[in-house]
Amino acid sequence: MPFSALVDARELLEPELAGRAAEFATEDVIQEIVDSVRGMEAFLADEENFIAENDRFHDIVAAAADNEMFALLVSSLHAITDGMPLGISYPIERREAVLRAHSAVADAIGTHDAEGARWAMRQHIREFHKYVRTHFPDIYRQPVRWRDIAN
Numbered sequence: 617m618p619f620s621a622l623v624d625a626r627e628l629l630e631p632e633l634a635g636r637a638a639e640f641a642t643e644d645v646i647q648e649i650v651d652s653v654r655g656m657e658a659f660l661a662d663e664e665n666f667i668a669e670n671d672r673f674h675d676i677v678a679a680a681a682d683n684e685m686f687a688l689l690v691s692s693l694h695a696i697t698d699g700m701p702l703g704i705s706y707p708i709e710r711r712e713a714v715l716r717a718h719s720a721v722a723d724a725i726g727t728h729d730a731e732g733a734r735w736a737m738r739q740h741i742r743e744f745h746k747y748v749r750t751h752f753p754d755i756y757r758q759p760v761r762w763r764d765i766a767n
């Protein structure tokens, strides 16, 4: 299937999971999310570690939604759609935008604002969708094969 179909799936699933995370997150989970945002801030100049922390953020939010199946699905989708093995890069400006988006999601989850978390995550994934479509149109349209992304 094309890379774009995987991003579409994330755009449908992740906002709802962020909303559920805002409803169900314990103080420990909220602290983990905040720590992940701080980690991204610390690794802003280091693309590889920033992306690893980005993955952790999405995994924590998905797990906080209190549904193991969706957490596994989103974790898998996110691992595929970070796109680095396919050639997608994240210059500092893009990393700064991701950090701002994650901060907004974390703030909403931290105040148990489910609608705010859904909105912030939806905006974040839409921006990612636009970024890939605009800057990496060939990757956006290309079929994704496991051998291209497996480590």
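Adding 616 to a residue's 1-based position in the sequence shown gives its number in my numbering. For glycine and all other residues, C-beta sits at the position ideal for the given N, C-alpha and C.
If you follow the alpha helix (DSSP H) that residue i is part of, which residue opens it and which one closes it?
i      : result
Met737 : Ala730 to His751
Gln647 : Glu643 to Ala658
Ile704 : Neither: Ile704 is in no alpha helix (DSSP H) and is coded neither H nor E.
Pro618 : It is not in any alpha helix (DSSP H) - Pro618 carries neither H nor E in the DSSP assignment.
Arg761 : Unbroken run through Arg761: none, as it is neither H nor E.
Thr697 : Glu684 to Thr697
Asp662 : Looking at the DSSP string, Asp662 is not in any alpha helix (DSSP H), and its letter there is neither H nor E.
Let's test the definition: count the other Cβ atoms within 10 Å of the Cβ of residue i and tell me whether it reaches 16, buried, or not, exposed.
i      : result
Thr616 : The question about residue 616 has no answer, for the chain in this structure spans 617 to 767.
Ile703 : The sequence given here places Gly at residue 703; Ile does not occur at that position. Classification of Gly703: exposed, given that the 10 Å Cβ count is below 16.
Ile708 : exposed
Met737 : buried
Glu684 : exposed
His740 : buried
Arg654 : exposed
Could you compute how far the alpha carbon of residue i sits from the alpha carbon of residue j?
i      : j      : result
Ala717 : Ala730 : 15 Å
Leu628 : Ser705 : 23 Å
Ala713 : Met656 : 11 Å
Leu693 : His674 : 10 Å
Val760 : Met617 : 6 Å
Pro753 : Val721 : 27 Å
Ile676 : Thr697 : 17 Å
His751 : Arg710 : 11 Å
The region 677–694 contacting the region 625–641, beta-carbon criterion three pairs below 8 Å: yes
Decide yes or no for the touch test of the region 745–757 against the region 645–665: beta carbon pairs closer than 8 Å, at least 3 of them. no
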